[in-house]
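Contents: one structure, followed by commentary.
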Ligand code: C2E
Ligand code: CA
Ligand code: CA
């Protein structure tokens, strides 16, 4: 219906139109940024960001509408009624807040898009027409109903599309967030501006109309104020969002570096644990890990035995020892020996199942821990596979080699607990070896009744370390002619609380087998040096001989340990004698040789123990630069009855003297033996005939220590010098 008065033509101030569109787009952009902060934040923060977004969006859209109205040039003076103007702003802010409440929901549903769109559109329209009403024209605005409807529909469509776009933008990942937000802001901002200008086009302003609120809020200055205030609000919103982004980025960076540091720590820790439990040469488990796994396996098996659970719970230990490894190592060099061990370990690991453990527990000794077995036959089958695998030719640097191994089998339940199982498997392995090697044997308890004691002995010895159960006794070595004290040999004594004294001949091999010999040897060395220092403090220089086992000499840092001990007690190296058995002294090219050379360089004297029981030639002793040779007591025992023994001792003494070595005969029990040894030219004698091993106070009480060489003389002698053999007495007839 056409009006019965003339309508004013609609002319717009284009820069202000552009400003209004810019405000709409910018406010949507800032709002989207704030919404992104709200999403994923905790409830309070999300509410804050939602509220801030509502304020920014509502004010922005309202400002766009206000500027849009100001852009319209009307022929009459206009102003805005403050109450309705404020109401339109409140409608805008509450509509926007509600829109953000919808956008911050976890998911976009059809209900939100289809229901929220028109509802928000209605809010936008309500703001627009409330704002228009603030003009208070008389006669009033003439509305083009079709365009009003079009503006309403457009508002609903823009709001629904806006919701969808807001959700879509929230799903974007870097680096698409900025661009996505910009595009969405442009679409929604233009849409909202479109709604405004469509609604404005629907309004016809009578040419003669009077603005009743011309005295209210004044147009142009108010427009500038709204534009500036909105810009400030938007910029502050932007800044807050950017600040939050920086804080978040820093927090993310910190969390990431924390995570990295954690991962690094975990890796280092795992590496350390792996190294502590791994054999460095072959990469399979070491003795410590094997013992641990065995104990766990036994505990599991026992639990299932106690409360019968269906399944296979047998545990077997297979002890695998390479036949004839030493000749390979000695003859072809350690590199070949090492490579052979690595290849054997790899073959054993290849045939083991996931639940099994392969470990290297001695130089050429491996063990397999087999779990979840239902019978001994399964363990025997694995032993056969081991024999077959090791029997295949090995390719070593520049040569091929075929060897064999011996496998001992022990199984629980049947052969005992965790500690015994290993000892049983070793015993079985020795039986297999005794049968010629290249075969397997199962432990037979009946054939080794004493074996079960070995495990108990290991356990008790471990417990005895550091307690008064272990003590050092000292046995004098006397000058063959004058019978004056020439030195003592330190011999370890163990008094078990129940069994009483246990011979070192029994417990030393056990300690060697279970790795206890190293701490035990350290203790002996320390106690011996302490005793040397105590005697030295009284002015007596008593050389003390300490027995070193091969295992100790294969410790790469043994010489440093000896040096540290000597220094700790303030003892001259010349007063310490290191007794090693022939076989260890003759190990070629290994750590033991290096350690012996280092000990010699320190000034420690070297003595070959039990000479005559090994296969060494006197010529190789020369290379070793030992200072002393102890003739095994087997020869001494047979001296009186066996002419061969006498001939051997005679030859040994002559050759040893030719090489400048001091000869000691041990196990001298009778005056007759003493006479013969003296006649043969032995320098020093040791045995029950003179004194048994005894504690230091007993030695002192017997007046033996006082007869030792005064300390002064010894300290003035050159440190590395070999003591001159004592003057030979005139030979007596044998
Ligand atoms: P060994 O080094 O040959 O020590 C000499 C052994 O002969 C000692 O036996 C000693 O008591 C014994 N003996 C001394 N005089 C006579 C005698 O006149 N007649 C007889 N029949 N025997 C005599 P012990 O103390 O039982 O030591 C046995 C072995 O144990 C030692 O043989 C040595 O190999 C080892 N051993 C002892 N203490 C230690 C130690 O601290 N460290 C190491 N690695 N081995 C030790
Ligand atoms: Ca000895
Ligand atoms: Ca000996």
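Numbering (the working numbering), first residue to last: 211 to 944.
Don't be surprised by glycine CBs; every beta carbon is placed ideally from N, CA and C.
The structure presented is a predicted model; accordingly, all values stated were derived computationally and were not measured.
Judged by pairs of C-beta atoms under 8 Å, the stretch 283-301 does not touch the stretch 255-264, as fewer than three such pairs exist. In this structure residue 900 touches residue 688 by the C-beta definition: roughly 5 Å separates them, less than 8 Å.
Between the stretch 751-765 and the stretch 692-708, the count of Cβ pairs shorter than 8 Å is three or higher; the stretches touch. With respect to residue 230, residue 403 sits close: the two C-beta atoms are nearer than 8 Å. If you draw a straight line from the Cα of residue 343 to the Cα of residue 375, it comes to about 32 Å. Sorting 465, 457, 647 by C-alpha distance to the C-alpha of residue 535 places 647 at the top.
DSSP places residue 418 outside both helix and strand once states are collapsed to three, so it counts as coil. With fewer than 16 neighbouring CB atoms inside 10 Å of its own CB, residue 654 falls in the exposed class.
Scanning 881, 448, 397, 741 for the CA closest to the CA of residue 907 turns up 741. By the Cβ-count criterion, residue 565 is exposed, with fewer than 16 other Cβ atoms from all chains shown falling within 10 Å of its own Cβ. Residue 425 is classed as exposed because its beta carbon has fewer than 16 other beta carbons within 10 Å across all chains shown. Between residue 444 and residue 270, the C-beta spacing is below 8 Å.
Residue 760 sits in a helix when the DSSP states are folded into three classes. Inter-residue distance for residue 357 and residue 411 is about 7 Å (C-alpha atoms, whole angstroms). Rounded to the nearest angstrom, the gap between the Cα atoms of residue 617 and residue 589 is 11 Å. With a cut-off of 8 Å on Cβ pairs, the stretch 597-610 is not in contact with the stretch 468-485, counting fewer than three such pairs.
Using a 10 angstroms sphere on the CB of residue 554, the tally of other CB atoms reaches 16 or more, which defines it as buried. No heavy atom of ligand 1 is found nearer than 7 Å to the CB of residue 736. Between residue 883 and residue 850, the C-beta gap is smaller than 8 Å, which places the two residues in contact. By the neighbour-count criterion, in which a residue is buried when 16 or more other Cβ atoms sit within 10 angstroms of its Cβ, residue 594 is exposed. DSSP, read as helix, strand or coil, puts residue 817 in strand. In the structure shown, residue 677 adopts coil according to DSSP, grouped into three states. By the 16-neighbour rule on beta-carbons within 10 angstroms, residue 417 is exposed. Relative to residue 702, the option among 712, 694, 708 whose CA is nearest is 712. In the three-state reduction of the DSSP assignment, residue 454 falls in the helix class, which pools H, G and I. Contact between residue 435 and residue 295 is absent: CB atoms are separated by about 12 Å, not below the 8 Å threshold. Runs of the alpha helix (DSSP H) lying entirely within the stretch 609-649, each at least 4 residues long, are 628-644 in chain order. Around the Cβ of residue 423, a 10 Å sphere holds 16 or more other Cβ atoms; the residue is buried. Between the stretch 857-874 and the stretch 830-839 there are three or more C-beta pairs closer than 8 Å, enough to call the two in contact. Annotation: residue 291 to residue 247 spans about 37 Å, alpha carbon to alpha carbon.
In this structure, residue 888 sits near residue 691, with a CB-CB distance shorter than 8 Å. In the DSSP annotation of this structure, the continuous segment of the alpha helix (DSSP H) that includes residue 391 starts and ends at 387-411. For residue 706, the uninterrupted beta strand (DSSP E) segment begins and ends at 695-706. Straight-line measurement puts the Cα of residue 241 at about 12 Å from the Cα of residue 311. DSSP places residue 904 in the strand class (E or B) of the three-state scheme. Residue pairing by DSSP places residue 686 opposite 698 in a beta bridge.
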